[in-house]
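This report refers to the structure that appears directly beneath it.
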Ligand code: SF4
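Residue numbers (the UniProt record's numbering), protein chains in the order written: chain A, 1 to 210; chain B, 1 to 477.
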């Protein structure tokens, strides 16, 4: 994953609440057994006036310059609710989004963002609304994970992201690699636990195989 | 971890959490042991392929199970062909990856095949006190057994497969106590919609919801699963019901449940799985079961639920706050007017199925309404059993004949039209009464208008040709 430390980019305001994963990537757009090839289907239901011919709907913000080159999305509360499909984040990331700024995220979606190099940035609703208003005339904003700030126009807001999520985003780290370094600790725990809860272990020997 | 558990009183979720806690990480997450990983063809194949591509292996294949449910065809005589143009590739990829990694697969033609949240309990894969994850947002269904069961993303699934752990922040505890007795004709689905309507679609965000109280104790396992299924519509992390005799009786003798001396050891542990008196919850809600009526949704979120027969609420009457904009959007999408009468609306289709309401007891109750009656002309009615095992049992009781004679299609097991997989759909602007769990825009197909309800209400509405209260059915002539 590409590390994300500081980003100055065009931010597109899409101020609706409860944008669910079905809206972000309609299930019929998820055609391949892969994490790629999804950008074209991002927001397909809103982005195209005719889905089959891919006719852009000029009303939709991502079809209007300069927001057609946006790398940040500004949105309403509970962004990413609905099904746990990770395709929603994959589609956003493949399209080029590196951050979403919203008053709140669905928990599963928020975790998926971090694992896929997209920063989920939570700011209070008035701040998000203010940013949306600013980018209507001055579309560039700056997001800094080092200082945990968002800058739009001449104003600045602080957000806070957990230390681990922040490090993962900033270093482009893979959590599996981090956890596998703890293999011995996991094996010891499983050995102890399989005495306590033998019935939970389905391996032939009823023992840990870690 | 070597440090000792916090002293009582502890919540049920806290007990399970503590016994799975391997280490505390930086940044407020905990490395948690995972006991069961479930996969399905929609995301399972992707996760396994991606794991192989990174040269990683599945740490404990014996504790991983896969099924075909999301995009498999549900027409009788089905094959690997799917209505979704590229669906076959998902089936094949999942099959190949499951074989490659040594994972048990409930494939097409296997008597154990079905919707992941239906087959796992049937096979005794979910047990009280386990941690169980699946890349599916309705995994909370399985918390009905007193397990910590939650939905994850594909990358987390890879993490769990490769390490048998996940890094997560400790969710908060919420208890929803439901005392009293549900009125006759009112089901767990109505109770669940009542709760989502009251607390709102973000009402339990980040919490593990423990459903407690005499009305919950009185529910059988299938009804408890229906109740827990809708916890994700409250944005809950998971749901849990303390295991009891009903739970143990359901599990005894199931394939992957412990047996013999192992059963007694397990039972001893399971009997400690309840919230101690005085345990602290971050939030508590109380509901009187007597207040619950058959429910139906009017909008495009499960929180848009109202007692059947009530008018479409006006904006200022909404118990849960939507913005004016989202309220207007919902009514516009559903082609409804404030104050309008839902029961007067003709329906185009009726659907009984999904991990919410497709188990044997659901089909029995719907069949009791359909017996001797006919679906109204012009209504397309479909029943999709939740698993091949449910289908077999239903057929052994002759329920398939009741459904067919009433005018329902009788399908093979799967998720089917619970969600639009890119193939089969009810059609734009068609109004569907559905026993499923989501009424989002285009959930059941582009432009489809979904009203969520219990299987009884779906059956009664199919007969009436409009949304109908199952308690008010005309006697059979
Ligand atoms: S039945 Fe519906 S909600 Fe349940 S797992 Fe399948 S698609 Fe998801």
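Quick reminder that beta carbons are idealized off the backbone N, C-alpha and C, glycines included. All values derive from a computational prediction rather than experimental measurement.
Beta-bridge pairing of residue i - partner residues as DSSP gives them
| i | result |
| --- | --- |
| residue 295 (chain B) | B:307 |
| residue 157 (chain A) | A:150 |
| residue 207 (chain B) | B:172 |
| residue 52 (chain B) | In DSSP, residue 52 (chain B) forms no bridge with anything. |
| residue 36 (chain A) | None; residue 36 (chain A) has no bridge partner. |
| residue 269 (chain B) | Answer is none; residue 269 (chain B) lacks a bridge partner. |
| residue 21 (chain B) | B:32 |
| residue 245 (chain A) | With chain A represented from 1 up to 210, any question about residue 245 (chain A) goes unanswered, as that position is not in the structure. |
| residue 346 (chain B) | B:466 |
| residue 9 (chain A) | A:141 |
| residue 341 (chain B) | B:311 |
| residue 199 (chain A) | Answer is none; residue 199 (chain A) lacks a bridge partner. |
Sub-9 Å separation of residue i and residue j beta-carbons
| i | j | result |
| --- | --- | --- |
| residue 431 (chain B) | residue 345 (chain B) | yes |
| residue 471 (chain B) | residue 452 (chain B) | no |
| residue 180 (chain A) | residue 121 (chain A) | no |
| residue 358 (chain B) | residue 196 (chain B) | no |
| residue 496 (chain B) | residue 174 (chain A) | A question about residue 496 (chain B) goes unanswered here, because the residues of chain B that appear run from 1 up to 477. |
| residue 509 (chain B) | residue 393 (chain B) | Residue numbering for chain B in the displayed model covers 1 to 477; residue 509 (chain B) lies beyond these limits and cannot be assessed. |
| residue 414 (chain B) | residue 72 (chain B) | yes |
| residue 289 (chain B) | residue 183 (chain B) | yes |
| residue 94 (chain B) | residue 68 (chain B) | yes |
| residue 473 (chain B) | residue 308 (chain B) | no |
| residue 104 (chain A) | residue 77 (chain A) | yes |
| residue 177 (chain B) | residue 15 (chain B) | no |
| residue 181 (chain B) | residue 216 (chain B) | no |
As assigned by DSSP and simplified to three states, the class of residue i
| i | result |
| --- | --- |
| residue 164 (chain A) | helix |
| residue 479 (chain B) | Any answer about residue 479 (chain B) is impossible in this case: the structure gives chain B only from 1 up to 477. |
| residue 397 (chain B) | coil |
| residue 383 (chain B) | strand |
| residue 201 (chain B) | coil |
| residue 19 (chain A) | coil |
| residue 328 (chain B) | helix |
| residue 302 (chain B) | coil |
| residue 432 (chain B) | strand |
| residue 454 (chain B) | coil |
| residue 122 (chain A) | strand |
| residue 74 (chain A) | strand |
| residue 284 (chain B) | strand |
| residue 474 (chain B) | coil |
| residue 238 (chain B) | strand |
| residue 492 (chain B) | The shown model of chain B, from 1 to 477, leaves out residue 492 (chain B), and the question about it has no answer. |
| residue 86 (chain A) | coil |
| residue 15 (chain B) | helix |
| residue 79 (chain B) | coil |
| residue 8 (chain B) | coil |
| residue 478 (chain B) | This structure cannot speak to residue 478 (chain B), because chain B is shown only from 1 to 477. |
Presumed contact (8 Å Cβ cut-off) between residue i and residue j, rounded CB distance
| i | j | result |
| --- | --- | --- |
| residue 116 (chain B) | residue 36 (chain B) | That belief does not hold up - the Cβ atoms of residue 116 (chain B) and residue 36 (chain B) are roughly 11 Å apart, past 8 Å. |
| residue 422 (chain B) | residue 85 (chain B) | 7 Å |
| residue 41 (chain B) | residue 90 (chain B) | 5 Å |
| residue 214 (chain B) | residue 47 (chain B) | The Cβ separation is near 41 Å, so there is no contact. |
| residue 11 (chain B) | residue 170 (chain B) | Actually they are not in contact, since the Cβ atoms of residue 11 (chain B) and residue 170 (chain B) sit about 11 Å apart, beyond 8 Å. |
| residue 116 (chain A) | residue 90 (chain A) | 6 Å |
| residue 402 (chain B) | residue 462 (chain B) | 13 Å between Cβ atoms; not a contact. |
| residue 67 (chain A) | residue 139 (chain A) | 7 Å |
| residue 382 (chain B) | residue 412 (chain B) | Wrong, their Cβ atoms sit about 12 Å apart, outside the cutoff. |
| residue 11 (chain A) | residue 135 (chain A) | 5 Å |
| residue 156 (chain B) | residue 166 (chain B) | 6 Å |
Within chain A, partners of residue i - CB distance below 9 Å
| i | result |
| --- | --- |
| residue 28 (chain B) | 162, 163 and 164 |
| residue 205 (chain B) | 78, 104, 106 and 107 |
Per-residue contacts from residue i into chain B (C-beta, under 8 Å)
| i | result |
| --- | --- |
| residue 18 (chain A) | 201, 301 and 326 |
| residue 190 (chain A) | 33 and 164 |
Contacts that residue i makes with chain B (C-beta to C-beta distance below 9 Å)
| i | result |
| --- | --- |
| residue 116 (chain A) | 153 and 155 |
| residue 198 (chain A) | 258, 262, 265 and 266 |
Interface partners of residue i on chain A, CB under 7 Å
| i | result |
| --- | --- |
| residue 159 (chain B) | 175, 176 and 179 |
| residue 402 (chain B) | By Cβ distance, chain A contributes nothing, its closest Cβ being about 32 Å from residue 402 (chain B), past 7 Å. |
| residue 475 (chain B) | Neighbours of residue 475 (chain B) on chain A: none; closest Cβ ~41 Å, over 7 Å. |
Cross-chain neighbours of residue i in chain A, by beta carbon under 8 Å
| i | result |
| --- | --- |
| residue 85 (chain B) | 31 |
| residue 63 (chain B) | 201, 202 and 203 |
7 Å Cβ cut-off: residues of chain B touching residue i
| i | result |
| --- | --- |
| residue 27 (chain A) | 419, 420, 421 and 422 |
| residue 45 (chain A) | 442 |
| residue 82 (chain A) | 440 |
Closer than 8 Å: residue i CB and nearest the ligand GDP heavy atom
| i | result |
| --- | --- |
| residue 116 (chain B) | Although the ligand GDP was asked about, the structure shown includes only the ligand SF4 as ligands. |
query: Along the segment 58-77 of chain A, what residues have a CB closer than 9 Å to any CB found in chain E?
result: Going by chain labels, chain E is absent from the structure shown, which instead holds the protein chains A and B.
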